[in-house]
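*Asks:* The structure is given below, and queries will be raised subsequently.
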DNA sequence: GTCAATGGTGACAGCGCTGTCATCTTGGCG
DNA sequence: CGCCAAGATGACAGCGCTGTCACCATTGAC
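Protein chains in written order, with the numbering used here: chain Y, 329 to 675; chain U, 329 to 675.
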């Protein structure tokens with residue numbers, strides 16, 4: 329439309345016949361503006377197509393109107409299946425969109441020594457109003473402390489210790505993993521193996537506990553020999569499957585702590601000519617896109633990632649300005665997603 | 329460390345015994361600063377751990393020091409495999425990182441009527457220095473024009489018409505698709521089917537042309553009957569496979585215009601008991617994470633998406649401030665990624 | 001009818017930086 | 001040794017907005 333200069337608050341004020349402060353009050357929904365005045369101002373805003381300049385606003389108010397989502401930059405050889413992060417982004421963006429905030433995404437490399445310093449620098453330069461920290465970064469004390477020390481409100485997307493002075497949004501990993509295990513047991517499986525994830529990922533650790541709970545609930549014994557220590561990667565899932573499926577009494581079900589590893593199991597089974605789910609049931613966790621794209625499609629656990637991230641962003645936006653540090657925790661329950669890869673145990 | 333007030337340019341100037349303008353010169357790498365002065369200032373910057381405030385800088389300079397990456401928000405039922413976008417993000421972020429820029433990601437819904445208005449509003453509020461538009465948004469004139477009308481530098485991540493006053497970074501879709509087709513022909517395949525993508529996606533359209541080129545190069549005839557019109561989704565790949573594989577003389581190779589559809593073909597083949605690649609070769613395009621996670625892993629075309637986005641960001645950063653509008657185009661060649669899903673034609 | 005209490009509004013000083021322009025140095029050269 | 005151009009530096013006015021505080025206009029209580 330117009331390539332000319334953008335309207336400023338002065339233009340609006342002049343047109344509406346009020347002071348710029350009153351315009352500011354209207355755009356910020358502050359109280360104490362007479363209805364008729366508000367309407368005049370809003371008309372001028374509409375006519376001029378005025379948008380407050382974000383930089384000026386941030387500078388003047390010390391509120392930047394944006395938050396940062398930080399996650400571990402998935403290195404190509406580790407976990408290229410981006411469903412996880414994308415869903416987090418979607419959720420956070422949803423919250424930002426309705427509140428007129430912007431989202432800065434910031435992939436950090438957990439392996440990098442100075443990620444903490446890097447984040448501090450980002451905070452100092454840009455002054456975000458809050459940060460959302462995704463797992464596994466959210467489990468790393470050095471990162472968490474670095475952010476906390478700047479006073480930036482922080483929401484961790486991982487199980488939080490209630491004691492801590494933090495806010496955390498997480499899912500019921502342990503309970504839902506127990507449920508998955510019980511589900512497999514209810515199909516008649518007696519030897520249910522588990523491929524565990526990387527140690528540093530706390531949520532993934534909880535899944536092992538849930539697996540054990542589920543076995544106990546179903547009257548099955550836990551055996552170390554049915555657990556393989558993976559590292560979240562497809563390759564480690566294949567390695568685990570190789571080992572577990574070549575045992576003399578092989579498991580009839582394998583529950584992997586994430587979908588990448590479960591996909592690895594399915595690949596090995598296909599290569600070995602083991603029918604899934606006829607001879608082997610496979611379950612994963614996370615419901616990343618791969619889960620529904622492979623054959624047989626993967627029974628898995630769907631975490632409400634987008635909802636969790638949305639909530640995290642909302643907490644930051646709402647509490648922004650509050651003086652007391654954020655604390656508390658919320659659990660968003662996950663659900664089983666039964667697909668093709670699980671079925672009754674073979675005779 | 330310090331929870332106290334952040335250092336400002338005044339603090340640095342005072343400590344270094346120079347004016348704030350000189351500090352500004354140093355942080356912006358402007359010429360005409362004596363070496364010894366520069367060192368004094370840098371020492372002060374280091375000691376105070378000073379970082380220029382982004383908002384203040386944007387406000388004063390009208391340069392926001394950030395660029396926006398806009399892409400079509402993948403609706404859950406359309407293409408949940410985020411490898412595409414994630415790789416674009418990685419590339420753009422790489423360029424931003426080295427240049428000390430920030431990246432704002434902005435998923436828009438192509439289906440939404442007012443995406444153009446939404447982007448204009450974003451531009452007016454935040455004044456990005458440039459925008460990177462990913463396909464298929466980059467093919468939509470309404471979007472492109474809306475951005476162009478604001479004067480914001482724009483790089484399209486899709487084949488550009490040379491005539492246009494735009495900058496585009498794209499890949500050699502047509503040529504590489506021809507190469508894939510020739511590769512399949514070289515394996516002895518005579519009936520090579522093609523599952524086309526959604527019309528609106530220009531790059532995907534080019535792949536059909538490439539397929540035809542490849543057939544011709546290999547002395548094979550093109551037949552409409554071997555082409556199925558998909559829509560980029562897994563489901564449409566399954567539908568295409570269903571149709572193609574139930575023909576009396578079924579194809580021995582299927583080349584799908586993207587990996588989601590190729591994954592669909594593999595799923596259908598597995599369900600029908602057709603061996604891949606023994607009885608059917610399958611090739612995809614994009615090399616999203618799914619490609620390597622399924623069994624058999626997918627032969628596909630790998631586009632240098634990250635490199636393309638990195639280049640796009642770099643163009644914007646470098647040209648930012650230039651008065652003449654950005655124009656030109658670059659081609660980043662893709663490569664075949666031969667994996668398990670293709671093999672010699674059956675007898 | 002007077003006086004507080006409250007609601008509504010505006011003047012003005014920054015927020016931390018960069019652009020402009022004036023001023024002061026320096027070094028090269030006749 | 002003096003002069004001038006180029007190099008180096010600083011003073012200062014904003015960028016467009018919000019926070020503070022002062023002020024005026026109502027209103028209701030007495």
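Ideal Cβ placement from N, Cα and C applies to all residues, glycine included.
Owing to the predicted nature of the structure, the values given are computational and were not obtained by experimental measurement.
1) Please report whether the beta-carbon of residue 453 (chain Y) lies at a distance below 8 Å from any beta-carbon of chain U.
2) At the level of alpha carbons, what is the spacing between residue 428 (chain Y) and residue 482 (chain U)?
3) Among residues of its own chain, excluding the 5 on either side of residue 445 (chain U), which ones have a beta-carbon nearer than 7 Å to its beta-carbon?
4) Taking 6 Å as the limit between beta carbons, can you name the residues of its chain near residue 663 (chain U), skipping five residues before and five after?
5) Sorted by chain position, which residues of the same chain lie with C-beta nearer than 7 Å to residue 642 (chain U)'s C-beta, five sequence neighbours on each side aside?
6) Within its chain, find whatever has a CB closer than 6 Å to the CB of residue 453 (chain Y); leave out the 5 residues flanking it on each side and keep chain order.
7) Considering residue 531 (chain Y), what are the terminal residues of the beta strand (DSSP E) in which it resides?
8) Looking only at its own chain, which residues have a Cβ that is under 8 Å from the Cβ of residue 625 (chain U), when we skip the five neighbours before and after it?
9) Buried or exposed for residue 748 (chain Y), please, with buried defined as at least 16 other CB atoms from any protein chain shown within 10 angstroms of its CB.
10) For residue 407 (chain U), is the classification buried or exposed, using 16 other Cβ atoms within 10 angstroms of its Cβ as the cut-off for buried?
11) Please decide whether residue 354 (chain Y) counts as near chain U, where near means a Cβ-Cβ distance under 8 Å.
12) On the three-state DSSP scale, how would you describe residue 592 (chain Y)?
13) Output yes if chain U places a C-beta closer than 8 Å to the C-beta of residue 417 (chain Y); else output no.
14) List, in order along the chain, the chain U residues whose C-beta lies closer than 9 Å to that of residue 334 (chain Y)?
15) Considering only the alpha carbon of each residue, which of U:515, U:363, U:421 lies closest to residue 635 (chain U)?
16) What residue range is occupied by the uninterrupted beta strand (DSSP E) comprising residue 435 (chain Y)?
17) What is the DSSP secondary structure of residue 461 (chain Y), reduced to helix, strand or coil?
18) Among the residues of its own chain, which have a CB less than 6 Å from the CB of residue 381 (chain Y), if the five just before and after it don't count?
19) In its own chain, which residues sit with a C-beta less than 8 Å from the C-beta of residue 554 (chain U), not counting the 5 before and 5 after it?
20) Under the three-state reduction of DSSP, which class applies to residue 656 (chain Y): helix, strand or coil?
21) Compare the C-alpha of residue 590 (chain Y) against each of Y:575, Y:550, Y:360, Y:616 and name the closest.
22) Please name the residue in U:638, U:600, U:646, U:494 whose C-alpha comes closest to that of residue 391 (chain U).
23) Residues of the segment 599-622 of chain Y in Cβ contact with chain U at a cutoff of 9 Å, in chain order, please.
24) If you reduce the DSSP assignment to three classes, tell me which class residue 562 (chain Y) lands in.
25) Can you look up residue 409 (chain Y) in the DSSP assignment and give me helix, strand or coil?
26) Would you mind telling me which residues of chain Y sit closer than 9 Å to residue 465 (chain U), beta carbon to beta carbon, in chain order?
27) Report yes if the CB atom of residue 466 (chain U) is closer than 8 Å to the CB atom of residue 450 (chain U), and no otherwise.
28) Let me check understanding here. Comparing Cα to Cα, which of U:415, U:342, U:393 lies closest to residue 376 (chain U)?
29) Kindly identify the DSSP beta-bridge partner or partners of residue 664 (chain Y).
30) Using the C-alpha atoms, what's the distance from residue 433 (chain U) back to residue 400 (chain U)?
31) Taking contact to mean 3 or more Cβ pairs, one atom from each stretch, closer than 8 Å, check whether the segment 499-509 of chain U and the segment 539-554 of chain U are in contact.
32) Residue 468 (chain Y) and residue 395 (chain Y): beta carbons closer than 8 Å?
33) Counting only Cβ pairs nearer than 8 Å, list the residues of chain U close to residue 435 (chain Y).
34) Report the three-state DSSP secondary structure of residue 673 (chain U) (helix, strand or coil).
35) Whole angstroms is fine: what's the gap from residue 403 (chain Y)'s alpha carbon to residue 412 (chain Y)'s?
36) Could you work out which residues of chain U lie near residue 430 (chain Y), taking near to mean beta carbons separated by less than 7 Å?
*Replies:* Result, derived from the coordinates:
1) yes
2) 23 Å
3) none
4) 630
5) 423
6) none
7) That residue, residue 531 (chain Y), is in no beta strand (DSSP E); its alpha helix (DSSP H) goes 530-545.
8) 619, 667, 668, 669
9) In the structure as shown, chain Y starts at 329 and stops at 675, and residue 748 (chain Y) therefore has no counterpart that could be examined.
10) The predicted position of residue 407 (chain U) is uncertain, since its pLDDT is 46 and thus under 50; a value taken from the coordinates is nonetheless stated next. Result: buried.
11) no
12) helix
13) yes
14) 452, 455
15) U:421
16) 430-436
17) strand
18) none
19) 519, 520, 521, 522, 572, 579
20) strand
21) Y:616
22) U:646
23) 599, 616, 617, 618, 620, 621, 622
24) helix
25) In this prediction, residue 409 (chain Y) has a pLDDT of 49, which is less than 50 and means its spatial position is unreliable; what the coordinates show is noted afterwards. Coil, per DSSP.
26) None at all; the shortest Cβ gap to chain Y is about 16 Å.
27) no
28) U:342
29) Y:629
30) 11 Å
31) yes
32) no
33) 417, 418, 421
34) coil
35) For residue 403 (chain Y), the predicted model reports a pLDDT of 42, less than 50, meaning its position is unreliable and no value from the coordinates is stated.
36) 432, 454
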